[in-house]
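S.K.: Below: one structure in structure tokens.
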Amino acid sequence: MLSPISVSIASLNISLLAPMAILIFGALAIICIDLFTKGLNKSFYVMFSLLFIFLDFTALIGLNGPSRGFFDVMLVDGISVLAQGIILITSALFIITALSNKPFKEFKKAEYYALFLFMIVGFQFMVASDNLILIFLGLETASLSLYTLIALHNRNKAFEAAIKYFTMGALAAGFFAMASLIFYALTGSIELSVIGKVLESRNYAPAVATLAGIVFMIIALGFKLSIVPTHTWTPDVYEGSSAPLAGYMSVVPKIAGLVVAIRFFDIFLSAHIVWVENVLIFLAVITMFLANITALVQEDVKRMLAFSSIAHAGFVLTALMVGTVQAYSAIFLYWILFMFTNIGAFTMLWIARHRKNLWDSRYQHPFTKFSGMAKISPMMATIIAVFMFALAGMPPFSVFWGKLYLIGTVVSSGHIILAVIMVINSAIAIYYYMKLIVYMFLKDPITEDGNIYVANSSTPIKVIVGITLVFTITASIFVEPILGVVTQMLRASGL
Amino acid sequence: MEHILSLIVFFPLIAMFFGFVISKDSVKTFGIAVALVEFIFSIILWIGFDAGNAGFQFVEYAPLISQFGVNYYLGVDGISLFLVVLSTLMTLVSLISLNIKKDIKNLVLAILFLEMTLVGVFLSLDMILFYIFWELSLIPMLYIIGAWGSGQRIYAAIKFFLYTFAGSALMLVGILYLGYQYYLATGTWSFSIPDWHLLVLPFHTQLWLFGAFFVDFAVKVPMFPFHTWLPYAHGQAPTVGSVLLAAVMLKMGTYAFIRFSLPFFPDASVYFLYPIAVIAIIMVIYAAMVAYAQEDMKQVIAYSSISHMGIIILGTFAMNAEGITGSIFLMLSHGIVSGALFMLVGVIYDRRHTKMIDEFGGLATVMPRYATIFGILMMAAVGLPLTIGFVGEFLSLLGFYAVNPYMAFLAGTGIILGAVYMLVLYKRAFFGKLVKQENKDLKDLDKREFTALIPLVALVIILGVYPKPVLTTIDMSVKKMINLMERKALLPETKELLVRVNKVGGTK
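Protein chains in written order, with the working numbering: chain A, 4 to 498; chain B, 85 to 592.
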């Protein structure tokens, strides 16, 4: 007979779970409401989801400093709070884009919103734990919801994308499970902090097993972060999903993956294991180069942005390798700035969404579509140009400050060559961003009908574009406060 | 006068935003008005400038990212003052001479935006701020060349953009590394230029950093062998683009050499003195020869720009007050003269839609006023005494004479070659018989073109005869900088050279 276990409620530290609980409740509420009512407008679901995201956010704001709960399974520290904040803000910006002018099937379904909220919960769990099993659960919850969200877009390309993402994701999940298994076998624990301690006390022996564990983990996380060579799914999946969802995918799963990567690699980097550093440098360099060079030859803007997001992931991977508080704050600063700009860029594509592929049978947003756009709708063209220059790291727009701080970190860690490689890559990257600008501003228009560029626009979407645009342009005044919060949060996590 | 520098930098930008509302047929007048006000501001700055103070004046400072040492930091001294005036003047003149009809609104707004970035580059005292303006200046120029150019305009625009952007990428690493060095030395991050002027770097570090900065500035100047983008850009650019490119944008590179390379890395500058001087002499002679071989008037002036920039570089690396003051004065004179010459080529291109020298001949008979003005400016370009071109060239070469007389002599042959290609151009286009039928009824300069050109011609002569007020103001800040270099120099060779080259001059 088992002896009764008494657990005090206080030791569970429920408040850590409150943000996720709120969102789960919201998702279930959406399903229930759908059971009893019929034909609710999408605006209801969007605002309902937004409300719960907001509640989630308020519950999150109260948390800071490292605290554990639920038998030490959950770990909410500064990194976690920051990442959850980024995830929630991105989600809020994303869900509003569902209020598009054109009707889309998926937005009419309540499941879409329920799945969306479940997905956020999954990502939140993923970043709020250092327990490999909970991370895995969060990862899978989020991924399975995400596959479905992509497929709900209900185009042939969308099904293809979902299946592709699913199969590749399943493989990555397998790798993650393998990595967890190896570390469990090595250390008898599935908590990263304990794993780190045990491995260190044994001086990382046996080397082969540690190596295998790290390699499996790199593949699993590399898939989420779309690091070369596990990046191949990215352009196809982005192309198949709706533009805002693609923008969302280039931000949120990656920050979640980055947090897990920070927690995981910190074990090895703080012990100064040189080959882990070298592997990360190698991956970062090859990711930047390959993604940037492939992006040069893309004919579709969305695919180009997909490769650009791979390149940006490679960029921040360098800071992961540096592994200091300054480096981690650079990652978060970069990602926050990148998030606004990237969401803005993809939302612009969403506005330009047109039912038929008017210009090219293969692509939805070929470069030729934007030809001479500056003469037809100069405002739209200028906004897109600002986003493109910002993504390219042109000063003084948002991503430039992230790039500056990131390269500054790499330089001060003594990796000058790596810093030079990074700037060479941003010089390569400017070409493909500029390609779109050249098409818009310097070529002659192919159509007289300006409507096709704003077919899908609506007031809420314009608001989103406005917010991201203002942030992108005036980022220079936000960098200081963001950096302050980020550094404070990171120091509170005791890194 | 408290915030006059901010006003000068951001007035064109604010005006640009207002300009979006203005209707297409009135926007040119608006542009001229704004540029005039901006020019008046810069004149007020000149009047308010204390010629007895060698340091930075009208300084404005506000922290931007204090944790990382990035500040909003503006200031002006003798080195930058006249480049600001030159930028506002040339913008005004180029707007007056503008006669493009297509998408005129976008063009005027782009020029105003460009003006902001140009002035910002010269007034920034924070390295990151400088970098922002430096990079931003590429965008309007890309647009101007790409949208209003001729021929392979898009190719030329992209080539210009990529070349200069790639060049500045390396400088960014240099800037960050220098910031880190400052952090190591003092414990705080700072990107402010006066702070960096006080930072003494080890010789080895200086060499690397000098290299990182050099590549970017060399592309911008443009120095041989990074010059290939320039003839392309000039060849395709509209007149207004060429004017601003030659008159102001090229000066950003040479200004940066004086402002950054010399005082940040005195030992490295001296160490690389001879290789750079050799490149400069190659620029002077090689570009002059290429200019002689050109059939296109615009290309002649484009290559002559490269040739003149060689003398500016030579003067800069003379490391003495005469050379550097001369090179800054030559920047001003080359800005005015080459700007005016490009405008003149634009005048004839508007009438005949060709720039080939072969197509002309005997123009002096139908366009006497045009030929006179062209003649005066050509003489200034050649460096005839009592024109503006002479002062700068003479001082630059005199300065370098103290370093190495033979090299100065070699560079001097560039002036002779310059006379050759310019006079040949003038002879072929203006003298001789008027053979071509199309040229027989060409109209002489009209009122608009006259208004744009006369101030420049006046400046060419006035400053050629009496350059002293400008020279003394420049000279003071230059001397302060050389003094700083001497104090900072680590190696005995550097000190020895600085003392040696500064002994000869008469202005001391």
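Just so you know, even glycine gets a beta-carbon here, dropped at the ideal spot from N, CA and C.
(1) Does P278 (chain B) come out as helix, strand or coil in the three-state DSSP assignment?
(2) Establish whether the CB of S150 (chain B) and some CB of chain A are separated by less than 9 Å.
(3) By DSSP, does E86 (chain B) sit in helix, in strand, or in coil?
(4) Mind checking which residues open and close the beta strand (DSSP E) that includes A146 (chain B)?
(5) Between the Cα of A249 (chain A) and the Cα atoms of A:V218, A:C35, A:R306, which residue gives the shortest distance?
(6) Count the other CB atoms, across all protein chains shown, that sit within 10 Å of the CB of Y358 (chain B); report buried if there are 16 or more and exposed otherwise.
(7) Excluding sequence positions up to five away, which residues of its chain have a Cβ less than 7 Å from the Cβ of D434 (chain B)?
(8) With a threshold of 16 other CB atoms inside 10 Å of the CB of V274 (chain A), please say whether the residue is buried or exposed.
(9) Would you decide whether A188 (chain A) is buried or exposed? Buried here means 16 or more other CB atoms lie within 10 Å of its CB.
(10) I'd like to confirm the pairing. Which residues does DSSP put opposite M499 (chain A) in its beta bridges?
(11) Can you list the alpha helix (DSSP H) stretches of 4 or more residues lying completely in the segment 509-586 of chain B, in chain order?
(12) How do the segment 389-402 of chain B and the segment 321-328 of chain B stand: do at least 3 beta-carbon pairs fall below 8 Å, yes or no?
(13) First and last residue of the alpha helix (DSSP H) that includes L158 (chain B)?
(14) Quick check on L486 (chain A) - is its C-beta less than 9 Å from some C-beta in chain B?
(15) Do V368 (chain B) and G498 (chain B) count as a contact pair if the criterion is CB distance below 9 Å?
(16) Please go through the same chain and pick out, in chain order, the residues whose beta-carbon is closer than 6 Å to the beta-carbon of W338 (chain A), but skip the five residues on each side of it.
(17) In the DSSP assignment, what residue or residues form a beta bridge with P369 (chain A)?
(18) Is there at least one Cβ from chain B nearer than 9 Å to P398 (chain A)'s Cβ?
(19) Starting from W482 (chain B) and walking both ways along the alpha helix (DSSP H), at which residues does that stretch end?
(20) What residues from chain A crowd round F245 (chain B), counting only those whose CB sits closer than 8 Å?
(21) Starting from E203 (chain A), trace the alpha helix (DSSP H) both ways and give me its first and last residue.
(22) Report yes or no: do three or more beta-carbon pairs, one from the segment 275-283 of chain B and one from the segment 465-482 of chain A, lie closer than 8 Å?
(23) I want to see whether chain B comes within less than 9 Å of V441 (chain A), judged by CB atoms only; does it?
(24) Can you tell me where the alpha helix (DSSP H) with S496 (chain A) in it begins and where it stops?
(25) Distance check for E86 (chain B) and L158 (chain B), CA to CA, integer angstroms please.
(26) Please name the residues in the segment 249-263 of chain B whose beta-carbon is closer than 8 Å to at least one beta-carbon of chain A, in chain order.
(27) Is it true that the segment 398-417 of chain A meets the segment 327-345 of chain A, where meeting means three or more beta-carbon pairs spaced less than 8 Å apart?
(28) Can the beta-carbon of F60 (chain A) be found less than 9 Å from the beta-carbon of L135 (chain A)?
(29) Using a C-beta cutoff of 9 Å, does A99 (chain B) count as contacting chain A?
(30) Against chain E, does G42 (chain A) count as a neighbour if the rule is that its beta carbon must be under 9 Å from one of theirs?
(31) Hey, how far is the Cα of L494 (chain B) from the Cα of I365 (chain B)?
(32) CB-CB under 6 Å to A340 (chain B), same chain, minus the five flanking residues each way: which ones, in chain order?
(33) List, in order along the chain, the chain A residues whose C-beta lies closer than 8 Å to that of L220 (chain B)?
(34) Determine the closest residue to S496 (chain A) out of A:P256, A:D80, A:L394, A:A13, with distance taken between C-alpha atoms.
(35) Within the segment 391-442 of chain B, note down every full alpha helix (DSSP H) run reaching 4 residues or more, in order along the chain.
(36) Hey, which unbroken runs of the alpha helix (DSSP H) at 4 residues or more fall wholly within the segment 255-315 of chain B?
M.R.: Here's the rundown:
(1) helix
(2) yes
(3) coil
(4) 141-149
(5) A:R306
(6) exposed
(7) N183
(8) Checking the sequence shown, residue 274 (chain A) turns out to be Ala, not Val. Answer is exposed; the Cβ neighbour count stays below 16.
(9) exposed
(10) Any question about residue 499 (chain A) goes unanswered here, given that chain A covers just 4 to 498.
(11) 531-549, 552-572
(12) no
(13) No alpha helix (DSSP H) contains L158 (chain B), which is instead part of the beta strand (DSSP E) from 154-160.
(14) yes
(15) yes
(16) I258
(17) A:D303
(18) yes
(19) What sits at residue 482 (chain B) in the sequence shown is Leu, not Trp. From DSSP, the alpha helix (DSSP H) with L482 (chain B) extends over 472-487.
(20) I433, M437
(21) 195-204
(22) no
(23) yes
(24) Counting along the chain, S496 (chain A) falls outside any alpha helix (DSSP H), and DSSP gives it neither H nor E.
(25) 12 Å
(26) F249, A250, A253, L254, L256, V257, L260, Y261, G263
(27) yes
(28) no
(29) no
(30) Among the protein chains of the structure shown, namely A and B, there is no chain E.
(31) 7 Å
(32) F301
(33) M397, P398, P399
(34) A:D80
(35) 405-436
(36) 277-281, 287-304
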